[in-house]
Amino acid sequence: MELVYMQTRIAVPRMKRVLQYHHAEGDSLIVMDFIPNSRRLGIAWPTLSMWSRLKIILTMRLYLRQIRRVQHTLSSNVPGPISSTPLPCSGLQLSLDPLGPFPTVAALEAHYRKQIADAEYYASRGWSRSPKCKPLPTSVFTPLVFTHNDLNMRNLLLDDRGVLWIVDWGFAGFFPPWFEYLGMLYAAQKDDNPESWQHCIKYMAEPNFEVEEWMQKMGYGFHHPLAS
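Residue numbering for the sequence shown is 1 to 228, as defined by UniProt numbering.
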């Protein structure tokens, strides 16, 4: 969050202190700013006018372009969280559970190539249908760009001044350019967000429809009847 605060104009809470504390979800606690008089976007969205929704969509579009420009010399050439050593990667574009680590872009690409081989093996055994996919081109995996990687309506807060805040940067790191788009799309599908939000994701993040189609053939995504 401090990296984003220093390099962008995105509304993010400031980190105040890190406490070493062993608990079920980790070894530390982060003390940060409290955002008063705010609501999760998923709660606020149904009450907003068309113009207020449009403002949020345009704000997100600007925010995401700023996020992509964030730089860090430590690990911007290694897929995943910022660290001196490669770390496991989280995100619905990979799995419901963390995978990796991927020490190079080629290692991340190899992960998706292996999925084709696995799918064809299952198809040859009659356990599933063949996805009939060619490997994704190497070019779609670069450049690595900074990515929030968990952008959903629960991690967006709207305060009483109309300021949109982005919180929960725990999955952030450097990933292929399409990770943010598909992460937002899959999260919206998984949470059964309103159609009016899902439809606008491609206008907020930068979509890659080639990768999206490939991922759909490979079984990624969550599909529910859409709410308005």
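We put the beta carbon where it would ideally sit given N, CA and C, even for glycine.
Of ARG154, ILE10, TYR112 and LEU87, the smallest CA-CA separation from LYS134 is found for TYR112.
In the same chain as LEU151, and ignoring 5 residues on each side of it, the C-beta atoms closer than 6 Å to its own belong to MET184, in chain order. Restricting attention to PRO86, HIS72 and ARG9, the CA atom closest to the CA of VAL78 is found in PRO86.
DSSP, reduced to helix, strand and coil, places ARG68 within a helical segment of the structure shown. Per DSSP, the unbroken alpha helix (DSSP H) holding ASP118 starts and ends at 105-124. In the DSSP assignment, SER90 falls outside any alpha helix (DSSP H) and within the unbroken beta strand (DSSP E) covering 89-91.
Boundaries for ILE201: no beta strand (DSSP E) harbours it, while the alpha helix (DSSP H) harbouring it runs 201-204, taken from the DSSP string.
When secondary structure is reduced to three states using DSSP, LEU136 falls in the coil class, being assigned neither helix nor strand.
Under the three-state reduction of DSSP output, PHE34 falls in the coil class, being neither helix nor strand. Collapsing the DSSP output to three states places GLY173 in a strand.
Classified as buried, TRP197 has 16 or more neighbouring CB atoms from the shown chains inside 10 Å of its CB.
For SER196, the enclosing alpha helix (DSSP H) stretches over residues 195-198. For ARG161, no pairing in a beta bridge is given by DSSP. Its Cα nearest to that of ALA119, the residue PRO131 stands out among PRO131, VAL167, LEU157 and SER52. Residues LEU185, TYR186, GLN189 and MET215 of the same chain have their beta carbon placed closer than 8 Å to that of GLY221, with the five preceding and five following residues left out of the count. CA-to-CA, the gap between TRP178 and LEU29 works out to about 31 Å.
With fewer than three CB-CB distances shorter than 8 Å, the stretch 198-212 does not count as touching the stretch 161-172. Sequence-distant partners of ILE82 (beyond 5 residues in either direction) whose C-beta falls short of 7 Å from its own C-beta, in its chain, are HIS72, LEU74, SER75 and GLY173. Residue state for PHE141 is assigned as helix, using DSSP reduced to three classes. Taken atom to atom, the span from the alpha-carbon of THR138 to that of VAL211 is near 12 Å. The three-state secondary structure of SER52, taken from DSSP, is helix.
Residue environment for THR147: buried (at least 16 other C-beta atoms within 10 angstroms of its C-beta). The shortest CA-to-CA distance from PRO194 to any of PRO13, HIS22 and ILE43 is the one to ILE43.
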